[in-house]
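To convert, take the position in the sequence shown, counting from 1, and add 61; that gives the numbering used here.
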Amino acid sequence: MLLHHLSALGRTLVSYGHSRGSRLGFRGCRAFCTGESRVYPAEVGSTQSLYRDTVLLPRTDFPMKVTGQKLLDQEVDIQKKCGFADLYAWQRKRKAKKEFCVHDGPPYANGDPHVGHALNKILKDIRNRFEMLRGRRVHYVPGWDCHGLPIELKALGEIKTSSLTPLQIRQKARAFAEEAIARQKAAFQRWGVMADWDNCYYTHHGVYEAAQLQVFQEMHSKGFIYQDHKPVFWSPSSRTALAEAELEYNAHHVSRAIYATFPLTTAPPNIGSDVDLDGVSVLVWTTQPWTIPANQAVCYMPKAQYSVVKRADSAQKLLLATERTASLSSLLGTELETVGTLTGSQLEGGICRHPLVPDSFVPLLPANHVTMVKGTGLVHTAPAHGMDDYSVASNFNLSVECLVDEDGRFTELAGAELQDLAVMSEGTDKVISMLRDCGALVKEEPCVHSYPYDWRTKQPVIIRPSRQWFINTASLKDKAKEALQKVHVLPESARGSLLAMLDRRTYWCISRQRSWGVPIPVFYHKETGKALINKYTMSHISHLFKAKGSDCWWELPLEALLPEEVLQKSKAGPVADYIRGDDVLDIWFDSGTSWAAVLEETNFMADAYVEGKDQIGGWFQSSLLTSVAVRNKAPYRSLVVHGFVVGEKGEKMSKSVGNVVDPEVLINGGKEPGMAAYGADVLRWWAAESNMFSEIHIGANVLNSARDSINKLRNSLRFLLGNLHGFNPQVQAVAPADMHYIDQYMLHLLHKYSIKHFVSMLVTLS
């Protein structure tokens, strides 16, 4: 549409040229538009000399195409001459009635920039420039997320952490992060992103860490942060607890699912005489056989119907959900004859014998999480290794004994046969073998299902209890939902995902067993293990971090971290009774408190957060929860959620597939044949014309199309400039009232287009 109007304006200017006594022949126009000779020799000899001076052809030095190194040099030259680096500072100094703030979600400082960064940064830049054109003063501070396990692992490489002190690990991780930041920052500047690149924020700087601890302090004083011993997602491959946002679900994970029996030793008292439970075994199903040794109960659905069935191929009698009988009959390859039925509520008070633990008996208990989608309708319950299982244990005061260590291996509590075996491999083999030997194994089958993996090591995680620090998100959930209703979400469909994730999250584990991060400012009593943490200790540590950075947690003696005046105010004993804690804060808490560290000038509120859809369960949510806990409101007025960048055919970007597009190669060209230099303008055009709310395709065809569009625009501009050659507006300009009607009409159309269509397009984007 824009090109159409520019072309029309070009025709108007040609008409205007006629009014000045000029004449542009068809072949002369074609020569100009195709890049041929400026003067198309229509005549030869003396005839040519007669007409040469009477034909006014377009003249301009503006080229129709710029390619190769010349293109790259020209883009860099334009950035320097036009003061791209000073644009942000200039607009901050000008007078404006309104201010507009896009808060930059910090990219992770663990590698080179990629096309996902390009899409995100350029979309933010378009929005900022649009608001600047509207007369607003833009507040935009770029930042980086600098802590966390991925950086620590990459920085250490093959070095064993046991040979390094925490300070040595932090030194290597910091150097790695700062190198990645330098590369990413240079790329963002090359893409033309408007910002003050000398004043960014970094989550590993002392001022930021101090602001983060102030949020932690306030949340702790309000009771939202607490320490507890409960099941968490645990990564044996990285030996640390993980939050939900740090998990990736592998839809192709294969588990060894089993059906096992728990002999019923004490019949439920509410069973009538018409149901014979003599010799009956409760049939359970699980995809995690290694958790069977930790079983403490078998759960049922109170309102469901259950059946006692007898196998046609043996004398075995089983108790299972009536709804699951047909499926089990097909799976086992035998008829299951129903010999009695009862409701789930009648199972209350029943007791079973544990198949693997001698003299151990487990109760039948009601639970809301039992479903009939798979399995038997009777759920094996190991409180130490399941979130729902833990809830049952809390309600019925069951033991939550952990049989698995930090490396994912059975401890001595699991027995001599299982000790030291990795639970996800040889430990599972052994448990299944033990069930088979004791006659409790009914069936084993492979089960392909979605299973959580560590987002960085790409290895399966387990659930195990651990003493960790948590945020009680259940108590924040309703306030967060209420605050979210006041936020404009674009697209609106993303709001449902945000609400659903808030519903699923009852607590948030925020402690990590690593060295590279913000230390949790807690001290532990040497004898009792009781935590010493209050407003006095946290305020003192916050001031130290602001002045010295968080390295001082390991650098300073304990007497400096816990001085006498702090101990007196805390009514604590002598400093010699305490040790400092080793855990650091989850990086999602790091980035989730960025509003407190960066948005003070805007009253801790941004007009917009613009990020990819993966941040629905990440930064969007952690920012919301921390802000609601401290300020009872969201830190953003609007959320803009864009899609992921995918290959040209819609496939996921993958190095192994070879479809990864490196923005540096895209701009500067590559060594391989066909890897031409597109320049930054093509990258920005691609981002600007993308349907940002769906998956954004990128590849040779898409990029060539963007380059062609730019060339068409260049050609239209070239045509306009050529027609204006030699035009002196002070002498030759014509007042609109004196123009030909066609000229007035074309200017009217152009003005109407620029006001209506162009602005509405940008408003939609915003």
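Even for Gly, the Cβ is constructed at its ideal location relative to N, Cα and C.
- Asn762 sits in a helix when the DSSP states are folded into three classes.
- Cβ atoms of Glu506 and Ile493 stay farther apart than 8 Å, at about 11 Å.
- The DSSP-derived three-state label of Lys215 is helix.
- With 16 or more other Cβ atoms inside 10 Å of its own Cβ, Gly488 counts as buried.
- For Ser342, the uninterrupted beta strand (DSSP E) run begins and ends at 341 to 347, by DSSP.
- Counting along the chain, Cys613 sits inside no beta strand (DSSP E); it lies in the alpha helix (DSSP H) bounded by residues 613 to 616.
- A distance below 8 Å separates the beta carbons of Leu464 and Pro354.
- In the three-state DSSP reduction, Ser455 falls in the helix class (H, G or I).
- Thr399 is bridged by DSSP to Val370.
- If you keep only unbroken beta strand (DSSP E) runs of at least 3 residues inside the region 621 to 697, you get 639 to 641, 669 to 673.
- Just measuring C-alpha positions, the residue of Ala256, Cys207, Thr264, Lys246 sitting nearest Ala658 is Thr264.
- Straight through space, the alpha carbons of Ile319 and Gly209 are spaced by roughly 37 Å.
- Setting aside the 5 residues that flank it on each side, Thr567 is surrounded in the same chain by Thr534, Ala535, each with a C-beta closer than 7 Å to its C-beta; the list follows chain order.
- The C-beta distance from Arg231 to Arg198 rounds to 38 Å, too long to fall under 8 Å, and the pair is not in contact.
- Rounded to the nearest whole angstrom, the CA to CA distance from Gln229 to Leu194 is 48 Å.
- Only buried fits Tyr639, as 16 or more other CB atoms lie within 10 angstroms of its CB.
- Going by C-alpha positions, His200 is about 7 Å away from Val163.
- For Leu426, the closest alpha carbon among the candidates Ala669, Asp420, Gly411 is that of Gly411.
- If the five residues before and after Ser316 are omitted, its C-beta is found closer than 6 Å to the C-beta atoms of Thr348, Cys508, all from its own chain and listed in chain order.
- Tyr802 counts as exposed, since fewer than 16 other beta carbons sit within 10 angstroms of its beta carbon.
- If one requires a minimum length of 4 residues, the alpha helix (DSSP H) runs lying completely within the region 474 to 547 are 487 to 498, 534 to 545, in chain order.
- Under the 8 Å Cβ criterion, the region 549 to 556 does not count as touching the region 601 to 609, having fewer than three qualifying pairs.
- If you draw a straight line from the Cα of Trp614 to the Cα of Trp577, it comes to about 12 Å.
- For Trp151, the uninterrupted alpha helix (DSSP H) segment begins and ends at 145 to 154.
- Between Leu459 and Val345, the C-beta gap is not smaller than 8 Å, which leaves the two residues out of contact.
- Between the beta-carbon of Asp515 and that of Ser299 there is about 6 Å, and that keeps the pair under the 8 Å contact cut.
- The closest CA to that of Ala561, considering only Gly678, Phe145, Ile187, Arg775, is found on Gly678.
- Arg779 sits close to Thr121, with the two beta carbons spaced by under 8 Å.
- Burial check for Ile286: the Cβ neighbour count within 10 Å reaches 16 or more, so the residue is buried.
- Out of Trp351, Leu133, Phe161, Ser296, the CA that lies nearest to the CA of Thr518 is found in Ser296.
- Here Leu194 carries a helix assignment [DSSP, helix/strand/coil].
- The shortest CA-to-CA distance from Pro350 to any of Tyr367, Gln377, Asp374, Thr322 is the one to Thr322.
- Per DSSP, Val268 is one residue of the alpha helix (DSSP H) stretching across 267 to 282.
- Excluding its 5 nearest sequence neighbours in each direction, Ala748 has C-beta neighbours in its own chain below 7 Å: Ala179, Leu180, Ile183, Leu184, listed in chain order.
- Nearest C-alpha to Thr383 among Lys674, Thr432, Asp374, Pro419: Thr432.
- In chain order, Leu274, Ile594, Thr598, Met599, Ile602 place their CB closer than 7 Å to the CB of Pro582, counting only its own chain and leaving out the 5 sequence neighbours on each side.
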